[in-house]
Amino acid sequence: MSKVYNSTAEAVRDIRDGSTLIVGGFGLCGIPENLIQALVEQRTRDLTVVSNNCGVDDWGLGLLLAAKQIRKMVSSYVGENKAFERQYLSGELEVELVPQGTLAERIRAGGAGIPGFYTPTGVGTVVADGKEHKDFDGRTYLLEKAITGDFALVKAWKADTLGNLVFRKTSRNFNPIAAAAGRITIAEAEEIVPAGTLDPDSIHTPGVYVQRVVQGTGYQKRIERLTVRSI
Amino acid sequence: MNDNRSVIVMRAVQEIQDGMVVNLGIGLPTMVANYIPENVNVMLHSENGLLGIGPYPVTGEEDPDLINAGKETITAISGSSFFDSAESFSMIRGGHIGLAILGGMEVSETGDLANWMIPGKMVKGMGGAMDLVSGAQRVVVIMEHVNKHGESKVKRACTLPLTGQRVVDRLITDLAVFDFTKDGMVLVELQPGATLEEVRSKTDASFKTTTELERGVTC
Numbered sequence: 002m003s004k005v006y007n008s009t010a011e012a013v014r015d016i017r018d019g020s021t022l023i024v025g026g027f028g029l030c031g032i033p034e035n036l037i038q039a040l041v042e043q044r045t046r047d048l049t050v051v052s053n054n055c056g057v058d059d060w061g062l063g064l065l066l067a068a069k070q071i072r073k074m075v076s077s078y079v080g081e082n083k084a085f086e087r088q089y090l091s092g093e094l095e096v097e098l099v100p101q102g103t104l105a106e107r108i109r110a111g112g113a114g115i116p117g118f119y120t121p122t123g124v125g126t127v128v129a130d131g132k133e134h135k136d137f138d139g140r141t142y143l144l145e146k147a148i149t150g151d152f153a154l155v156k157a158w159k160a161d162t163l164g165n166l167v168f169r170k171t172s173r174n175f176n177p178i179a180a181a182a183g184r185i186t187i188a189e190a191e192e193i194v195p196a197g198t199l200d201p202d203s204i205h206t207p208g209v210y211v212q213r214v215v216q217g218t219g220y221q222k223r224i225e226r227l228t229v230r231s232i
Numbered sequence: 002m003n004d005n006r007s008v009i010v011m012r013a014v015q016e017i018q019d020g021m022v023v024n025l026g027i028g029l030p031t032m033v034a035n036y037i038p039e040n041v042n043v044m045l046h047s048e049n050g051l052l053g054i055g056p057y058p059v060t061g062e063e064d065p066d067l068i069n070a071g072k073e074t075i076t077a078i079s080g081s082s083f084f085d086s087a088e089s090f091s092m093i094r095g096g097h098i099g100l101a102i103l104g105g106m107e108v109s110e111t112g113d114l115a116n117w118m119i120p121g122k123m124v125k126g127m128g129g130a131m132d133l134v135s136g137a138q139r140v141v142v143i144m145e146h147v148n149k150h151g152e153s154k155v156k157r158a159c160t161l162p163l164t165g166q167r168v169v170d171r172l173i174t175d176l177a178v179f180d181f182t183k184d185g186m187v188l189v190e191l192q193p194g195a196t197l198e199e200v201r202s203k204t205d206a207s208f209k210t211t212t213e214l215e216r217g218v219t220c
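As structure tokens, this is what we get:
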């Protein structure tokens, strides 16, 4: 049965106000730019967005922020965005900062059916406030809870019609774990191929985690910091 | 790079040994990569999902799908591998990264590090810094010894919110190199041109010195 939707608008239609979304990407690398655009056009509001970053002022999740569609961000680093600062200081936007590895593992745990885990990250810092501490073999750890989403939005390089996904280089980042942690996972891809044409040994995200696949168009793939060397 | 920063980076390069897996933090630590000798083979880890960072690309070969943790376009060396963010931090948390070199705002005499947040300023987030300091086998912090007002960044206790408690193994500044041991903070080297008196006068933290350094001063 094909999971392919005809348009990004159709793929995000049932994302309602107040939903929790897990969104793949690191900086502007590997972000589901078409699906984010579709949510901007749909004007879905009061979103809780779990994503490592929040885009830049005029691209990626920054577009949802600029349109005031996000109520809460759960991220590890949000320093690239002026609208973020304004909305946070005025109290319109709630923010939960999570160490990047803890964020990744909380999402992974969510997809893997593990409700919580102990990690040494953040012991003795503000991150530890209010959390259960437990010693194992003489070292102290914090209890961190899993994250799941009503929806996950991810970006693949290639998808097949059954939702098997392949990512390219460092655009993989949070996408596979986000895909597993969404109750409904929507993947946009640069290329959709017939089931059976991807090498089963090379699939990064098995199709069981992906409910919808949609062809992305007009990829901008913006570069946040262009750095080159002289020969 | 100004002279102080250059002194710090050139000393930090010496921490990197052949065969190591190393994570370099954003900013000054990233510049350390430019000075690793060609006969020293290291795998540089990027927490967004790459083991084997190469040099910056030449113009025209930049790839938006290939960036480092500072969101800069990079290349990947022969023998590199890509992976997702959970796997990347399993490498860090699991102790598979031999050395992390990170920047600092303050370091305390007990090896606490503050490098992610200044109260009253916009909070940007800790990124992967808290995971790196609690997971890497060895943590080296590099920073200028005093701030722009001339105040010591090497403190008895950090005044800024911590990134990690008792996590620093070695601190390299433009004036000196300190190790954090069971016996406390120990001055192990003076940087070129620095004197013990100068280090003492510009350091808020209390520290011990090695007998070799003491002798050097009295000679």
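Chains as they are written, first to last, in our numbering: chain A, 2 to 232; chain B, 2 to 220.
Each residue gets a CB set at the ideal place from its N, CA and C atoms; glycine is no exception.
All figures in this text were calculated on a predicted structure; none of them were measured in a lab.
Assigned secondary structure, A:V155 (DSSP; H/G/I helix, E/B strand, else coil): Taking the first sequence and counting its residues from 1, the one referred to as residue 155 of chain A is at position 154. Three-state result, A:V155: strand.
Touching by the beta-carbon criterion (3+ pairs, under 8 Å), the stretch 12 to 24 of chain A and the stretch 42 to 62 of chain A: yes
Which residues DSSP lists as bridging B:E190, in chain order: As a first step, residue 190 of chain B is located in the second sequence; it is residue number 189 there, counting from the start. Paired residues: B:V178.
Backbone CA spacing between A:A113 and B:N24 [nearest angstrom]: Position 112 of the first sequence, counted from the first residue, corresponds to residue 113 of chain A. Position 23 of the second sequence, counted from the first residue, corresponds to residue 24 of chain B. The straight-line gap from Cα to Cα measures roughly 28 Å.
Beta-carbon contacts of B:M131 that lie in its chain and below 7 Å, excluding the five residues immediately before and after: What you label residue 131 of chain B is simply residue 130 of the second sequence in a count that begins at 1. The answer, listed in chain order, is T164 and G165.
Contacts of A:R72 in chain B (Cβ-Cβ under 7 Å): On the first sequence, position 71 is the one that residue 72 of chain A refers to. Chain B residues near A:R72: none, gap ~18 Å exceeds 7 Å.
Sufficient close CB pairs (3 or more, under 8 Å) joining the stretch 158 to 167 of chain A to the stretch 194 to 201 of chain A: yes
Neighbour flag for A:S172 against chain B, beta carbons, 7 Å: Stepping through the first sequence from its first residue, residue 172 of chain A is reached at position 171. For A:S172, the answer is yes, since a Cβ of chain B falls inside 7 Å of its Cβ.
Chain-ordered chain A contacts of B:I68 [CB-CB under 7 Å]: The residue labelled residue 68 of chain B in the question sits at position 67 within the second sequence. Those are G28, C30 and T171, listed as they occur along chain A.
Residue of B:M144, B:H150 and B:L133 minimising C-alpha distance to A:P100: Position 99 of the first sequence, counting from 1, holds the residue named residue 100 of chain A. Per the Cα distances, B:L133.
Spatial neighbours of B:G55 in its chain, beta-carbon cut-off 7 Å, leaving aside the 5 residues before and after: Reading the second sequence from its first residue, position 54 is the one you call residue 55 of chain B. Cβ within range, chain order: I75, T76, A77 and I78.
Partners in chain A for B:G71, counting only beta-carbon separations shorter than 8 Å: Within the second sequence, numbered from 1, the residue matching residue 71 of chain B stands at position 70. Those are R226, listed as they occur along chain A.
Closer than 7 Å to chain A by CB, B:C220: Here the question's residue 220 of chain B lines up with position 219 in the second sequence. In this prediction, B:C220 scores a pLDDT of 39, lower than 50, which makes its location untrustworthy; no coordinate-derived value is stated.
Neighbourhood of B:V178 by C-beta, 6 Å cutoff - its chain only, sequence neighbours within 5 removed: The residue labelled residue 178 of chain B in the question sits at position 177 within the second sequence. Cβ neighbours of B:V178 beyond the five flanking positions: V189 and E190.
Alpha helix (DSSP H) segments (min. 4 residues) lying fully within the stretch 70 to 127 of chain A: 83 to 90 and 101 to 113
Presumed contact (8 Å Cβ cut-off) between A:G80 and B:K125, rounded CB distance: Taking the first residue of the first sequence as 1, we reach residue 80 of chain A at position 79. Taking the first residue of the second sequence as 1, we reach residue 125 of chain B at position 124. So it is a contact: roughly 3 Å between Cβ atoms.
Helix, strand or coil at A:A68 according to DSSP, with G and I counted as helix: The residue given as residue 68 of chain A occupies position 67 in the first sequence. Residue state, collapsed to three classes: coil.
Under 7 Å by beta carbon: chain B residues contacting A:Y78: Walking along the first sequence from the start, residue 78 of chain A turns up at place 77. Those within 7 Å of A:Y78 in chain B are K125, G126 and G128.
A:R184 - DSSP class collapsed to helix/strand/coil: Start at 1 with the first residue of the first sequence, and residue 184 of chain A comes out as number 183. In the structure shown, A:R184 sits in a strand (DSSP, three-state: E or B).
B:S91 to B:R6 span [Cα, whole Å]: Looking up residue 91 of chain B in the second sequence gives position 90. Looking up residue 6 of chain B in the second sequence gives position 5. When only Cα atoms are considered, B:S91 and B:R6 end up about 32 Å apart.
Residue-level contact to chain B via CB, A:T141, 7 Å cutoff: Taking the first residue of the first sequence as 1, we reach residue 141 of chain A at position 140. Not an interface residue.
Burial state of B:T219, where buried means 16 or more other Cβ atoms lie within 10 Å: Position 218 of the second sequence, counted from the first residue, corresponds to residue 219 of chain B. In this prediction, B:T219 scores a pLDDT of 40, lower than 50, which makes its location untrustworthy; no coordinate-derived value is stated.
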